[in-house]
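Down below is the structure, laid out as structure tokens.
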Amino acid sequence: MIGTHRSEPFLKRKVTVMTKSVDPTSKANIVLLEEPDEDEMKARECLSGGLNKFSFGHPTKKNAGTLKVLNDACLPVHYRQWFYDALFTRDIKLSRLVYFNDNLVGAICCRIENLSDLYIMSITVLAPYRKRKIGSYLMHYIINYTKQHTELKRIYLNVHTPNTSAQNFYKNAFNFSEVRRIDGYYTDLTPSDCFELELKIRD
Amino acid sequence: MTFQDSVNKLKNKDRSVWKEFVTSIEDKDFKNAMKHSDYLLKIYPNHGETMCFRGLAFGYMGMNETAKELLDKGLACDPKSSRSWHTYGVYYAYIKDFRQAEVCYKKALEFDPTSEIILRDVSQMQIMHHEWNDLVKTRQIIMLQKPDKASWIGFIAANAISGNNEQALKALNSYIGTFRDGVTPKEECSGMFLYRAELLQRMKRYDEALQVLEVTQSAILDTVSWTKQHSDLLFLLNRKEEASNGYCDLLSHNSENMEYHARFLECQGLPSICETAEDSTKLVNLYSSLMSPTNTFGVSMPRSVRCLIEPLLHLNHVTQPELTQRLFAFAMFTLCERGVPSIWKVFEDVVISSKNRKKTIELFDIVSTECCSSIETNSSWPAKWRFANTSACLSASTETDPVEVDPSFILFAKLFCAYLADYCHQHAKAVSIIDSAIEHTPTMIELHVARARFMKHLGDLNEAAESMNRAHMMDEADRYLNVKAAKYYIHCGKLEIGESINAQFTDPANRDEDRTDLTPADYMYDEQAAWYFHTTGKGVLFRRGEVGRALKAFVRTGEIADDILNDMIDFQGFGLRRGSSVKPFEEMSLYMEHFTLRKEYVESVWWMIVLDLMLDWRKKTQGKHNAFEKLNKWYVEHPEDEVKKEEAATTETKEDEPKSKSKKKKSKNAEAKEKMEAAHQQGIPKKEEKRRMKDDINGVELIKKRDHVAEVEKNIEWLRKRLGMKLEKTFDDEIKSVMLDALQAEVSIRRDKMDDAARHALKTVGGLRKLKSKPAEEVEDFAKSLYIAQVLVHSVLMHLFVLCEKKAIPLDANGGKPTAFTFVWGQYKSFFDNPASPTELTTTLKSKQDFLSLVLAFEGCVVKDETDIDVVKIAHSGFDRQMGEFFYYRLLMVDMGDLAEKFITAAHEKAKIDVEGETSEQHERRMAILHSNVFTGSTHDAVLPPALFQPELLSTADPQLAQALQTFQAIAPPSEKETD
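Going line by line, the protein sequences match chains R and E.
Take the first sequence: its letter number 119 is residue 119 in the UniProt record's numbering, and every next letter is one higher.
Take the second sequence: its letter number 191 is residue 191 in the UniProt record's numbering, and every next letter is one higher.
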């Protein structure tokens, strides 16, 4: 029969409750469904356009290809395959995916440096889906993550110097402050300079 | 002589050995079987049954010659032994020669008319061959001997199938009479009662049937079937209101069932196509209320897709275009908003079932294009096409503001538009629409899948595979995408890449333990993956020119069909013993072979026929005209691009490897053979010696042994049977039947039976004429098939003419009277400025060295006939799609090997010429498509760029070819690309 319902994103479809230690390579562990806590619910509330159209997830080895397509479409720099492979060696919750009507439209990928700094490697939202606070949700998500992990002191990121809209976004909505300007940060962009912005969470 | 007698010949103490021997064969424990049979044969050298069983064991191990020898010897010892005959039958059934098997079983039955085993096997064969009256007799004997459930079901089903419902009902009633409360399983009571009502319904005794259902309602477990049957009976008894309630009840279970909807509408007194405004208003209001949360029917289906589509299905789109458009707009808006990726599949139903497809497509196209552009420019759905519900569609929209839509809305709208364009053969347009959608949201997997499809239709199989692979890479957990990506790569000839994607399934690490030693191909065979072999066959044939390997793959597809059939026969007994109703057994008996109507099997057999004819021709001409090998050589010499080069390199090195490997294999084989022989002598062959595909993946041995013409004949029979099996005959089936006649004529020519050939050819000409007498709009959908049939018939006729001329056989076989032949010949003559004879024609052609003009001549001859023009025009609109097959049959059928060769060379020369204003990228792409599709005869669809047919560009290379092309342009309508 003709498919009447669009298949649910895999998140809702497969609920794997993990009791044993998690083996990230195991086939059974494609998806982990977490109960959204209060902070998460709050972060989601900021999304505009009907919350039921959104769904959320983390990258898996199987869907990393979609994330790559998203990043390639949104960013001027193209990450190599190892960028995506490395995601799975870290805590998978350091990356977040946002689906709109079951299509991946936004993602954030972070890593932890010096055991205390959370570095945002990439944050992307597909152009037609901007102005729906997806970026804000992703930032809230990662701020919540940092708050929950007491060893983390600050969040920081690099932003291309001509990209003023992004700088305003971080500075005005999330109180990021400029730390320094790094000359020659990008190898394949002109100008090659960037700002480093940071948000102190705790001392 | 009964089974027991064969044991009685043995001494008491040896009987236990005999028993063990028989069980060891049943368990496929051949080592012990050989041991036991050696012992028995030593004491009783003339014990025929032992020999036969030993032969069967060899048969199971794949050593057919030894098997047959032993079986014959065993039978000779005791020609009246039912056991020996039965064993022979089992052997024949094992090697899938069911006709012979039946003969043997019947012979066995002669000597032992009451044996249950034999009777059961006979009945199975009768089901296979649809001998229903004999089946009733056999089943009756079984029933009288052992009246258990299985026998009853078998007997009742046999009667019902043979059309004797009266008898079946009588038997069923007496069987139901044996039921005991609390003893008979509930499932069985339920199934049998339902079947009793069904039989009564078939006999048109509706009142009684209804009574049966109502009396037994509490005993029926399958409530859905009960409700369905009950409602059907009420409907047949004209108690429409009650029936309507029943269908509403069913719809609440499954709102998407077409049959329920159709019956429900009939109960409401609506015709299948609403012509009057009154009816259509009623129809629309009806569905509007079905979709609203509260209504008088007590069933609400707000999310049902069927409910959106049904009103469109029952409207006359020509007389009510506005209502159609409004309803379509409402449905499209709902589906896009909901985000249904199968949006096209939903509407395809409407297009296909429409009485006037052109009109329907036109209406849909207007609305969807308008809405798409509105969304693109101001991201909102036009107010004109916005309706609150189905009822609102009855009048023009009252909305004033355009409705703002989600960003993902456009994706589904574009998906629909692209599929619509693809359906109308505007593949390039489809690709450009889908490309813009991909640019919008590259992360939507369905868009890439659709793009791959359109690229395939466009003829660019490489790009199609790349697209499908992109989709696969985005969700590697999706098995559908995995299989599709593998299939697309195999289809475009990149077998290695396809296999590596497929390896996720064929990887030994993922298999059951006992199958780890199989090669990937053998593993796919075990999994009965017909698609794999079918696609491999097409891929290696069209993209690599590996005829042997292709033939082998197609043969394998056929073997899979046989295997599945065997499994089904095995399952029959189980179904009888464990079943709780007669119906499943009845349906299985009737439709057992219907799975072979699937595209994979039927297409494989068609290609097998083509390849067999070609190989036969090659053998007869000592390989002088093998176009495919030349093509293959050409490929190696002209790698399309770097990838191709690499591939060629790998295949070369691989070619080297297999050589060493095959040497190894050979030595292995030799070893194995020695072992086998040794085992033979000791009488202990091993189980794993069973022959596997890896021995002969390239089909070399297969071709050597194969009797091509006989195989073709067998396959023609097979296809004829499939045509007969179809419940609904389409126009396409009639065309296919004419094509089979043409092939039959070709077979007769190959067999040198000119009279037969003439007879079949005459039949074909008559058939073709009949086909073409149909009105153009009926033919439209089948233009491609009809076109190929024409080509085939003309080639066969041409072949026949040439041979008749050579052998000085008069053309009109009826002794001088004018026949269809002379008629057709007249057409040829008029086109070729009246050459005196076919031979003269061919010599003139040969002197021109221009195969293409011959091809065009055929075209011209078709065009000459005024009545054909419409058909030809339609066919020409997709001419490029048929080019492949077209040349293919030519090369194959007609005695024109030399010319074919010239043609290929000329074509390759031609392909080198640059088209003005073409970038190097475009050029490469064009070349790739040209090489891979047109001249290799891909069934999928090459688009020749119109620029290629610029005679002035070509004239420098080959003046004759240019002339021919000019002629072509004169008869071909402008290609689609220009009109776009």
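Here a beta-carbon is modelled for each residue, glycine too, at the ideal position from N, C-alpha and C.
None of the values given here were measured: they were computed from a predicted structure.
Counting only Cβ-Cβ distances below 8 angstroms, THR66/R has contacts in chain E at THR443, ILE445, MET474, ASP475, in chain order.
Taken in chain order, the whole alpha helix (DSSP H) runs of length 4 or more contained in the stretch 392-474 of chain E are 409-423, 427-440, 445-458, 461-474. For HIS440/E, the C-beta contacts it makes with chain R under 9 angstroms involve LEU126, ALA127, PRO128, in order along the chain. Within the same chain, Cβ atoms closer than 6 angstroms to the Cβ of ASN285/E are found at SER391, the five residues on either side in sequence being excluded.
Legend: CB atoms of the stretch 393-414 of chain E lying less than 7 angstroms from CB atoms of chain R belong to residues ASP406, PRO407, SER408. According to the DSSP assignment, TYR91/E belongs to the alpha helix (DSSP H) that extends over 82-94. Within the stretch 314-345 of chain E, those residues whose Cβ lies closer than 9 angstroms to any Cβ of chain R are, in chain order, ARG338, GLY339, VAL340, PRO341, SER342, LYS345. The beta-carbon separation of SER37/E and ARG15/E, rounded to 15 angstroms, does not stay under the 8 angstroms limit for a contact.
Going by beta carbons, LEU118/R and CYS109/R fall outside the 7 angstroms limit. No Cβ-Cβ contact shorter than 7 angstroms links HIS58/R with ILE112/R. With the criterion set as a beta carbon lying under 9 angstroms from some beta carbon of chain E, the members of the stretch 32-58 of chain R are GLY49, GLY50, LYS53, in sequence order. Going by DSSP, ASN172/R is part of no alpha helix (DSSP H) at all; its letter is neither H nor E. Within chain E, the residues whose beta carbon sits less than 8 angstroms from that of PHE100/R are ASP406, PRO407, SER408, listed in sequence order.
When DSSP states are grouped into helix, strand and coil, LEU743/E belongs to the helix group.
In the displayed model, MET203/E falls within coil according to three-state DSSP, outside both helix and strand. Between ILE201/R and THR150/R, the C-beta spacing is not below 7 angstroms.
Distances from the alpha-carbon of PHE505/E to those of MET524/E, ALA742/E, PRO45/E put MET524/E closest. Sequence-distant partners of THR124/R (beyond 5 residues in either direction) whose C-beta falls short of 7 angstroms from its own C-beta, in its chain, are LEU70, ASN71, CYS74, LEU75, GLY106, ALA107. For the pair of segments examined, the stretch 122-138 of chain R was found to touch the stretch 435-444 of chain E: the number of CB pairs separated by less than 8 angstroms reaches three.
Taking a C-beta distance under 7 angstroms as the contact criterion, ILE703/E and GLN744/E do not qualify as a contact pair. DSSP links VAL738/E through a beta bridge to no other residue. Under the rule that a run must span 4 or more residues, the alpha helix (DSSP H) segments found entirely inside the stretch 210-296 of chain E read 223-236, 240-253, 258-267, 277-291.
Burial is judged here by how many other beta carbons sit within 10 angstroms of a residue's own beta carbon; VAL340/E has at least 16 and is buried. Residue-level contact by beta carbon holds for LYS62/R and chain E, with a gap shorter than 7 angstroms. Chain-ordered, the chain E residues with CB closer than 8 angstroms to the CB of ASN103/R read SER408, LEU411, THR441, THR443, MET444. Taking the Cα of HIS708/E as reference, the smallest distance to any Cα among CYS77/E, LYS620/E, LEU200/E is reached at LYS620/E. For LEU70/R, the neighbours in chain E by C-beta distance under 7 angstroms run, in chain order, THR443. GLU198/R is bridged by DSSP to TYR156/R, SER177/R. Annotation for ILE433/E: LYS414, CYS417, ALA418 place their beta carbon closer than 6 angstroms to its own, counting only its chain and skipping 5 residues before and after. Here the C-alpha atom of GLU26/E lies approximately 16 angstroms from the C-alpha atom of GLY62/E. Following the DSSP letters along the chain, one finds ASN46/E in no beta strand (DSSP E), marked with neither H nor E.
Note that the C-beta distance between ASP612/E and GLU711/E is below 7 angstroms. Under DSSP, LEU495/E forms no beta bridge with any residue. Going by DSSP, VAL346/E is part of the alpha helix (DSSP H) stretching over 343-353. Between CYS274/E and PHE264/E the beta-carbon gap is near 14 angstroms, outside 8 angstroms, which marks them as no contact. In this structure TYR480/E is exposed. Its beta-carbon is surrounded by fewer than 16 other beta-carbon atoms within 10 angstroms.
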